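Numbering (the working numbering), first residue to last: 111 to 928.
What follows is the structure in C-alpha cells.
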C-alpha cells in the first residue's frame with residue numbers, strides 16, 4: 111500500500127535579501143506553518159502588523175515583490191517500496207523545489223499539484239527540503255513584457271500568472287500578494303503501481319443509477335493489475351493488462367435514493383470504495399469518496415422570450431436562489447472546515463440553494479464541496495479567469511490545461527456541482543470594455559472558453575453542462591450580456607442608476623447583481639481605529655475599494671431615504687438601502703418565474719473587513735441584507751409588483767406542493783385607517799407562480815405620502831407591503847413603541863409593540879458586544895403589532911441599551927441633520 115509521510119513540521123521561512131525588505135525581517139528565520147503562507151507566518155512572528163487593520167495593507171506591498179525560502183529537515187528511513195514521490199498539492203506560486211541540494215523542478219501554477227520522483231535523492235536519516243518562491247510580481251510582469259500587455263479591470267498583472275486573481279486587489283479586496291506552501295505536502299512511497307486518478311461519472315436515468323469509473327494508474331512495474339470498485343453492495347472488477355494504464359469499471363444500481371438540492375428533498379450519499387491490487391491479490395492503493403445519484407441538465411431552448419436558462423435536477427426545474435462566493439479569507443490556511451460550515455449554515459439560513467464559485471478566486475477545498483454535498487447546496491464552478499484578457503501563449507496554455515484536467519477530475523465526484531462556467535465577464539469585456547483596439551489582434555482567452563475548456567469538460571465530465579462565460583448568451587452572434595438569452599450581469603444599477611431599474615429587466619437568469627453597504631459596527635470598530643467614524647474618515651475610506659463607492663452609496667440614499675443626521679444614521683440607512691435594493695430585485699425577478707429562472711446575488715461573503723456587496727461581512731456577521739435575502743428567497747413568497755400600469759399581487763411557490771392561499775389586501779393610512787380593501791385567493795401549483803391584478807381603488811392612493819398597501823395571507827407566509835412614496839417623502843410619525851427585555855435560555859428576548867407604524871425596525875446588538883447577534887431584522891410593524899427579537903451574546907447585555915438608539919433603529923427615528 112501507499113505509505114504517506116506528511117511534511118508539516120520543522121519549517122522555517124526567510125526572505126531573500128533585497129532593498130525592499132525591512133531589516134527586522136531580513137535578519138529573521140521565522141517558524142513557518144505548513145500549509146500556510148508568508149503573511150500569516152510573519153504576522154504570527156510579530157514582524158508585520160495585521161494586514162486587515164486600518165491601512166496596514168499598503169505598507170505590506172513589499173511582500174509580493176520579495177523572494178521567500180521555506181526550508182525543513184525531516185527524517186527518512188527507506189523501506190521496500192519501488193518509488194518515493196514528493197507530492198505537493200498546492201504551491202503558491204512560482205516555486206523552485208530542491209531536495210538535498212538537487213533541484214527537483216519549478217512550478218508556475220497555484221491551482222494545480224506537482225509530483226516529483228525523489229527515491230534516488232533521499233538518504234537514511236536527515237534530509238533537507240527547500241522551496242524557494244520567486245516574487246509573483248516579477249514573474250507576471252516579465253510575461254506581460256514578453257507577450258504584450260492585455261486589458262484588465264485593475265492596474266495589476268494578475269492575468270499573467272496562474273494565481274488567485276483577487277490577491278492583487280479587487281473592488282472589495284485588499285492587495286495582499288501571497289506566497290507559500292498553501293496545501294498538503296508529503297512523501298508518497300509505493301510499489302508496483304498506484305492510483306494516479308480516479309474519476310467516477312455518476313448518472314441517474316429513470317430508476318437506474320450508474321457509476322462509470324475511470325481509473326488511471328502510474329506504474330513502477332509492467333504487470334497486470336486489478337481494480338475493484340464497490341458501492342451500496344454492488345461491485346465490479348476490471349483488469350488492467352501489462353503495458354496499459356487506464357481502465358473503466360461500471361456499476362449499476364437499481365432505484366438508488368436520489369440526491370436533491372436543499373429544499374427539494376434529502377441528500378443521501380453512498381460510499382464508493384476503489385482498490386488497486388496486484389494480480390496475486392496484494393493491495394497496492396485505495397481511494398474512497400461519497401457520491402450522490404441525481405440527474406442534471408440545462409435547458410437553453412429558444413422560446414417566445416429569447417432563449418431559456420433553466421437548471422433541471424432530477425427532472426425538476428429549479429429556480430436558482432443563489433449567491434456568489436469569493437475566497438472567505440485572503441489567507442486560505444485560515445479557512446477551516448468549521449469556518450466553512452458556519453458560512454454554509456448562513457447560506458442555507460438565508461434560503462440559498464446555490465453557490466457560484468467566482469472565477470477570480472480559487473478552486474475551493476475538498477471540505478467546501480463535501481459540505482455542499484452534505485447540505486444540498488448546488489455549486490456553479492467558474493474556471494479561474496476574471497475581468498481581464500488572458501494570454502493563450504505558453505506557458506499559460508499548457509498550465510491551464512493541466513489545471514483544468516486536475517480540477518475537473520477532482521471535483522467530478524461531487525453531486526452538488528451542477529455547472530461549469532468558462533470565465534467571469536471576459537467575453538463581455540471583449541465586447542464592451544474597449545479591449546479590442548489595445549489588444550491589436552493578440553489573444554485574450556477566447557480559445558480557452560470556447561474551445562479548450564469545453565473539450566476538457568466534454569472529455570472528462572460529460573455528466574454536467576458547461577457554459578462558456580458569465581455572462582453568456584449562448585451564441586457568438588448574440589451580445590454576451592443580452593438579458594433575453596442565457597445569463598446576464600446587471601451592474602448599471604449600482605454604477606449609474608437607481609435600484610428601481612431592476613424592474614426594467616426581464617432576464618432569463620441573473621448571474622450577478624449587487625448593492626453595497628458597510629460591514630457591521632463591531633467589525634468596523636475592530637478593524638478601523640479612526641477616533642471618530644465617518645463615511646470618509648481615513649480608515650473608512652481605505653476600506654472602501656469601489657471606484658466612487660461612497661458617492662454611489664450617497665446617490666442611493668438621496669433617492670430613497672431621509673437625510674442622516676450622523677454616522678449612526680448613515681450606517682443604518684446604507685445597510686438598509688442595500689437590503690432594500692436586493693430584495694426589490696430578487697422579488698421582481700422571482701415574480702417573473704418561469705421566464706426568469708434564477709438569481710445569483712453578488713455576494714454572500716467577504717475576505718476581510720470592508721464596505722462591500724456582501725450579506726455576511728468579513729468578520730462573519732450578518733448584515734441586514736442577509737435578513738432581506740432570507741425573506742426574498744423564501745420557499746413561498748408573496749409580493750406586490752407593478753404590472754401593466756397598475757399593481758398586482760404575485761405568489762411564488764418553490765415547493766413540491768400546491769399552495770392555495772387566501773389573501774386580504776388593504777390600502778391603509780399610516781395610522782391604520784382602511785381606505786380600500788379586497789379579498790382574493792391565489793392557487794399556485796408546485797414550482798410555479800400566480801399573478802392577480804389588484805383593483806384600481808387599491809393601486810391608486812388618495813395621499814401617496816400617508817398610505818400603503820398591506821397584503822395579509824391567511825397562512826404563515828410573510829405579508830407583502832407596498833409604499834406609494836419614498837421614505838424621504840413619507841410623513842412618518844414619531845416612533846412610539848413599548849419595549850421590554852427579559853432573559854431567556856441562552857440570551858435575551860426583546861419584545862417590541864408598536865403604537866405607531868415602525869418602518870424596518872432593526873436591532874444592532876453588536877454595538878453592545880461583538881459576540882451579540884439577533885434572529886430577525888427589517889421588521890415593519892403597524893400600530894398594535896408586536897415583534898420578538900431574540901438576542902444571543904457571550905455576556906448579558908444592558909436591557910436599557912437594547913431598547914434605544916443606536917441599537918434599536920427604525921426609519922421613523924431618522925430626523926435629519928441637527
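The beta-carbon is built from N, C-alpha and C at its ideal position, and this holds for glycine as well.
Remember, it's a predicted structure, so these values are computed and weren't measured experimentally.
Does the distance from the CB of residue 399 to the CB of residue 570 come in under 8 Å?
no
Considering only residues of the same chain and omitting the five flanking positions on each side of residue 395, which have a CB-CB separation below 6 Å?
112, 304, 305 and 386
At 4 residues or longer, and completely inside the stretch 612-646: list those alpha helix (DSSP H) runs for me, N to C.
631-637
Is residue 65 helix, strand or coil by DSSP?
Absent from the model: residue 65. The displayed extent of the chain is 111 to 928, so no value can be given.
Considering only residues of the same chain and omitting the five flanking positions on each side of residue 129, which have a CB-CB separation below 6 Å?
none
Using only the alpha-carbon positions, how far apart do residue 910 and residue 875 sit?
12 Å
Please look up how many angstroms separate the CB atoms of residue 734 and residue 685, rounded, as I've assumed it's under 8 Å.
5 Å
Flag this pair as touching only if the stretch 407-426 and the stretch 444-456 have three or more C-beta atom pairs under 8 Å; answer yes or no.
no
Within this structure, are the beta carbons of residue 775 and residue 806 separated by less than 8 Å?
no
Helix, strand or coil: how does DSSP classify residue 595 here?
strand
Length of the line joining the Cα atoms of residue 845 and residue 607:
31 Å
What is the DSSP secondary structure of residue 888, counted as helix, strand or coil?
coil
Who are the near neighbours of residue 814 in its chain, counting only those whose CB is closer than 7 Å to its CB and skipping five residues on each side?
834 and 835
On a CA-only basis, which of 354, 921 and 135 is nearest residue 678? Give me that one, please.
921
Report yes or no: is there a C-beta of chain B within less than 8 Å of the C-beta of residue 178?
Absent from the structure: chain B. Only one protein chain is present.
Integer-rounded CB distance, given that residue 588 should sit under 8 Å from residue 595:
5 Å
Measuring straight from C-alpha to C-alpha, what distance separates residue 928 and residue 675?
Model confidence at residue 928 stands at a pLDDT of 47, short of 50, so the residue's coordinates are unreliable; what they give is reported in the following sentence. Taking the straight line from one Cα to the other gives about 6 Å.
What residue ranges within the stretch 487-546 form continuous beta strand (DSSP E) runs of no fewer than 3 residues, ordered along the chain?
488-492 and 527-531
Let me check one thing: in DSSP terms, what residues is residue 361 bridge-paired to?
321
Under the three-state DSSP convention, the category residue 860 falls into
strand
To test your reading of the DSSP string, which unbroken beta strand (DSSP E) runs of 3 or more residues are found completely within the stretch 410-454?
420-423, 426-428 and 430-435
Under 8 Å between the Cβ atoms of residue 325 and residue 341?
no
Would you give the residue range spanned by the beta strand (DSSP E) that residue 398 belongs to?
393-401
Between residue 518 and residue 710, what straight-line distance do the alpha-carbon atoms span, to the nearest angstrom?
23 Å
Given this structure, state the Cα-to-Cα distance separating residue 266 from residue 284, to the nearest angstrom.
12 Å
Leaving out five residues on either side along the sequence, give the residues of the same chain with a beta carbon under 7 Å from the beta carbon of residue 738.
689, 692, 693 and 888
In the DSSP assignment, find the alpha helix (DSSP H) that holds residue 692 and state where it starts and stops.
677-701
Check whether the stretch 433-440 and the stretch 506-526 touch, using three or more Cβ-Cβ pairs below 8 Å as the test.
no
Helix, strand or coil at residue 62 [DSSP, three-state]:
There is no way to answer for residue 62, as the model of the chain reaches only from 111 to 928.
Using a 10 Å radius around the Cβ and a threshold of 16 neighbouring Cβ atoms, would you call residue 358 buried or exposed?
exposed
Please return the same chain residues whose Cβ sits closer than 8 Å to the Cβ of residue 373, not counting the five positions on each side in sequence.
461, 463, 486, 745, 764 and 765
Excluding five sequence neighbours on each side, which residues of the same chain lie with their C-beta closer than 7 Å to the C-beta of residue 749?
697, 701, 760 and 830
Those residues which DSSP pairs with residue 651 across a bridge
Note: residue 651 sits in no beta bridge, so no partner.
Taking the straight line between their C-alpha atoms, what separation do you get for residue 865 and residue 894?
6 Å
If we call anything under 8 Å between Cβ atoms a contact, is residue 632 one with residue 731?
yes
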